[in-house]
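Read the structure below first, then the notes.
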Amino acid sequence: MTQHGFVAALLSDAAPPVGAARFEVYRNSVTAALSATLAEAFPAVAKLVGRRFFDAMARDFLRAHPPRHPVMALYGDALPGWLKGFAPAAALPYLPEVAAIEQAWRVSCHAADAPPLDVTRLATDPDALTLAPHPSVRSLTTRWPALSIWARNTDRPELANAPAGEVLICRPALSVQARPAPAGTGATLAALAQGHPLGAALPDGAPHAEILACLFSAGALIERTP
Amino acid sequence: MPLPPAAGIGFKPQHARALDAPGAVSWLEIHAENYMVDGGPRLALLAEMSQRFAMSAHGVGLSIGGEDPLDPDHLARLRGLLDWLNPARFSEHLAWSSHGGAYLNDLLPLPCNTATLDRVCAHIDEVQQYLGRQMLLENPTSYMVFDDSTMSETDFLARIGRRTGCGMLLDIENVFLSAQNLGFAPERYLDAYPLDMVGEIHLAGHAPGDDVLIDTHSAPVTDPVWALYARVLDRIGPTPTLIEWDADVPDFATLQAEAARAHALLTRRVPA
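Protein chains in written order, with UniProt numbering: chain Z, 1 to 226; chain X, 1 to 272.
Written as C-alpha cells, this is what we have:
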C-alpha cells in the first residue's frame, strides 16, 4: 500500500486498498473531523441548511478541496466560492454570501494584532499621517441581506435588520465586529492598502463623511509606519 | 517551567476562568496547530496561560511517518510558535497525515519495517535539529495490521529513540485500544515498551464500540487504563500525565476530577 493510494481511497468511495472493514475507520474519521471543523467555522451556513445536509455538502467539498496544510483555523476559504456552484443549495442563493461573511470573520479574528489609529493624531498633525487598513479588516459587498441572515442565525440581534450592500468586518482589539458600511468603503480601504493618501482614496461620488465615520468608529485604520 | 511529575489537562478556552482557582491543575497541553495564527484572542489567552502554567505543545500535523518530505512551511510555523511559547515539552505522533499536498486531519498508520524506520528517524532528526529541542514521540492507536510490518511497534519505537535521541510520549489509552482492536495483551506491550525513554504519559477515554474501539478522547478514562497506568508508574515512578478530552468536552470540574484521580496514583495516596 502506498500513501498515495490510501489518500485516494480516503477522499472517495473507492474500495479500500488495505484492511477492508477497518479502513472505514479512517475514512469515517477523516470525513467526520473535517466536516465538524467546517460546521464549527460556518455555524450560520450549518444552521440554514441543517446538520445532515451540511455534512453531506461538506463531504463533497472536502473531497474537492482537502486542506492544504494542518492549520485548521482558516480551512474552508474555498467554501464560499464553491457554494456558488453547489446545485443542491441553489434554492438558498444568499448562502455563498453568508459563508463569505463567516470566513471573513475567521480571517479577521486570527489576523495580526495592531493598535488602531489614535484619532487625536488627526487633530495635532494630520498632514504627517498616512493611513492603512488594520490587518484584521475585511470588506465585502452583498447582493442579498446576508449580514442580517448571518446575524439572525448566530444570535446577534443588533444586526438583525442590516441591509444588503457593503459589510465591514474588523478586530481593532480582541473582539471581532461586523457592521453594514456605506457604498465606497471597500474601495476606500483598497486604495489605502495601495498607499494612496486618504483624500485620494475616497471615491468620487461616494458619501465621504459616512465612509470616514464608519472607518473611524470601527477602528479599521492604522497609521502606516514608513 | 519544566513539566512537573503531576497531572495536567488539555487546555480549552472555555475553561480559562475556572483555571484562575489556585492549584486547579499542575500544567496544560495545547495542540500546536490551533495556535498557528498571526494574532487575536487565541494567542492572547495562550500568552496569559503560559505565564501561569507549565506548558506542553502537542503537534498533530508534522506527518513524521509520511512518505513525502516534511513540509518546510509547517516546520517554520511550528518553530515560530515554539520559540514564542517556549513550552517545557514538544511532542508529535508516530503517524502520517499529509500526502501530495493534501492534509487529512487524522493520524494515519504506517507499517513497522526497516524502510519506514529509516524514514521516520530521518524526519525526527530533521525536526529536532530544526527546532533545536528534543521531541517526544507518541505511540499510535492501531485498527489494522500491515502485511509489510517486520518488527513490533515497541521494537520500532525503541530503535527510533536510540537512533534519534527523541523521548517517548506513552499514550496508555492508545495501547489499550490497539490491544483490544488487534487482540494482544496490553501488559505485554508495556513490558516490551522502552519505558526508560518516557517523558510524558497520556490518558483518555473512548466511545463504546462493538467490533472496533475508536480513539475519541470523548469520555472518562476507563478502569483497565487506570490499572495499566498504575502498572507503568510502578515501573518508572511519577511522570507528567495528561488527561486528554478533546470531544464532548465536559465542565472543568469533571476534568479536574480525572486529573485528581491521576494525581492520587502519582502520589500513591490510594491503591490502584
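Glycine included, C-beta positions come from ideal geometry on N, C-alpha and C. Here the structure is a predicted model, which is why all the values come from computation and not from measurement.
Under 7 Å Cβ-Cβ, which residues of chain X neighbour residue i?
i	result
Leu34 (chain Z)	Asn105
Pro3 (chain Z)	Sequence check: residue 3 (chain Z) is Gln here, not Pro. Correct list: Gly66, Glu67, Trp96 and His99.
Ala111 (chain Z)	Asp38, Gly39 and Gly40
Leu192 (chain Z)	None at all; the shortest Cβ gap to chain X is about 20 Å.
Leu10 (chain Z)	Leu104
Residues of chain Z with a CB under 9 Å from the CB of residue i: which are they?
i	result
Asn34 (chain X)	Val71, Met72 and Ala73
Arg77 (chain X)	His69, Pro70 and Val71
Asp71 (chain X)	His69 and Pro70
Run through chain Z and tell me which residues come within less than 8 Å of residue i, C-beta to C-beta.
i	result
Tyr143 (chain X)	Gly19, Arg22, Val25 and Tyr26
Taking the straight line between their C-alpha atoms, what separation do you get for residue i and residue j?
i	j	result
Pro172 (chain Z)	Asp113 (chain Z)	8 Å
Leu19 (chain X)	Glu166 (chain Z)	41 Å
Ala14 (chain Z)	Ala8 (chain Z)	8 Å
Val127 (chain X)	Ile149 (chain Z)	46 Å
Phe146 (chain X)	Leu169 (chain X)	23 Å
Ala230 (chain X)	Leu265 (chain X)	7 Å
His202 (chain X)	Ala100 (chain Z)	39 Å
Val25 (chain X)	Leu3 (chain X)	12 Å
Thr254 (chain X)	Ile236 (chain X)	27 Å
Val25 (chain Z)	Ile214 (chain X)	8 Å
Gly66 (chain X)	Gln3 (chain Z)	8 Å
Ser175 (chain Z)	Arg42 (chain X)	11 Å
Leu233 (chain X)	Ala122 (chain X)	31 Å
Ala64 (chain Z)	Ala162 (chain Z)	33 Å
Asn139 (chain X)	Asp171 (chain X)	6 Å
Ala272 (chain X)	Leu62 (chain Z)	In this predicted model, Ala272 (chain X) has a pLDDT of only 44, less than 50, meaning its place in the structure is not dependable; the value taken from the coordinates is given anyway. The straight-line gap from Cα to Cα measures roughly 45 Å.
Ala158 (chain X)	Leu48 (chain Z)	51 Å
Glu92 (chain X)	Arg188 (chain X)	24 Å
Leu159 (chain Z)	Ala262 (chain X)	47 Å
Ile243 (chain X)	Asp251 (chain X)	14 Å
Gln177 (chain Z)	Ala179 (chain X)	50 Å
Phe54 (chain Z)	Leu92 (chain Z)	13 Å
Asp155 (chain X)	Ala46 (chain Z)	46 Å
Leu215 (chain Z)	Cys166 (chain X)	52 Å
Leu117 (chain X)	Gln14 (chain X)	40 Å
Quick one: list the residues of chain X neighbouring residue i, beta-carbon separation under 8 Å, in chain order.
i	result
Ser29 (chain Z)	Asp106 and Ile214
Val7 (chain Z)	His99, Gly100, Ala102 and Leu104
Leu174 (chain Z)	Gly40, Pro41 and Ala44
Is the CB-CB distance between residue i and residue j below 8 Å?
i	j	result
Ser142 (chain X)	Asn113 (chain X)	no
Leu38 (chain Z)	Ala58 (chain Z)	yes
Arg106 (chain Z)	Ala73 (chain Z)	yes
Val120 (chain X)	Leu94 (chain X)	yes
Leu223 (chain Z)	Leu131 (chain Z)	For the sequence presented, residue 223 (chain Z) should be read as Glu rather than Leu. Result yes, Cβ atoms of Glu223 (chain Z) and Leu131 (chain Z) sit closer than 8 Å.
Pro115 (chain Z)	Leu192 (chain Z)	no
Arg89 (chain X)	Ser63 (chain X)	no
Ser136 (chain Z)	Gly186 (chain Z)	no
His69 (chain Z)	His74 (chain X)	yes
Ala164 (chain Z)	Pro182 (chain Z)	no
Val198 (chain X)	Thr164 (chain X)	no
Met49 (chain X)	Leu28 (chain X)	yes
Glu102 (chain Z)	Ala44 (chain Z)	yes
Cys109 (chain Z)	Gly10 (chain X)	no
Leu78 (chain X)	Leu131 (chain X)	yes
Val225 (chain X)	Glu173 (chain X)	yes
Pro186 (chain X)	Leu228 (chain X)	yes
Leu168 (chain Z)	Arg152 (chain Z)	no
Met1 (chain X)	Ala76 (chain X)	no
Please classify residue i as buried or exposed, where buried requires at least 16 neighbouring CB atoms within 10 angstroms.
i	result
Val119 (chain Z)	exposed
Ala220 (chain Z)	buried
Trp84 (chain X)	exposed
Pro72 (chain X)	exposed
Leu177 (chain X)	buried
Gln51 (chain X)	exposed
Thr216 (chain X)	buried
Pro157 (chain Z)	exposed
Gly8 (chain X)	buried
Pro69 (chain X)	exposed
Pro126 (chain Z)	exposed
Gly85 (chain Z)	exposed
Who are the neighbours of residue i on chain B, taking C-beta pairs under 8 Å?
i	result
Pro66 (chain Z)	Looking for chain B here will not work: the only protein chains present are Z and X.
Could you work out which residues of chain Z lie near residue i, taking near to mean beta carbons separated by less than 7 Å?
i	result
His74 (chain X)	His69 and Pro70
Gly61 (chain X)	Pro70
Give the residues of chain X in contact with residue i, contact being defined as C-beta atoms less than 9 Å apart.
i	result
Arg171 (chain Z)	Gly39, Gly40 and Pro41
Could you give the C-beta distance for residue i and residue j, rounded to a whole number, given that I count them as a contact under 8 Å?
i	j	result
Ala16 (chain X)	Gly59 (chain X)	Not quite, the Cβ-Cβ distance comes to about 22 Å (not below 8 Å), so this is no contact.
Val30 (chain Z)	Asn34 (chain X)	With 8 Å as the limit, Val30 (chain Z) and Asn34 (chain X) do not qualify as a contact, their Cβ atoms being about 18 Å apart.
Pro66 (chain Z)	Leu11 (chain Z)	6 Å
Given the structure, does residue i come close to the ligand FMN, in the sense that its CB is under 7 Å from one of the ligand's heavy atoms?
i	result
Ala21 (chain Z)	What this structure holds is no ligand at all, so the ligand FMN is not there to describe.
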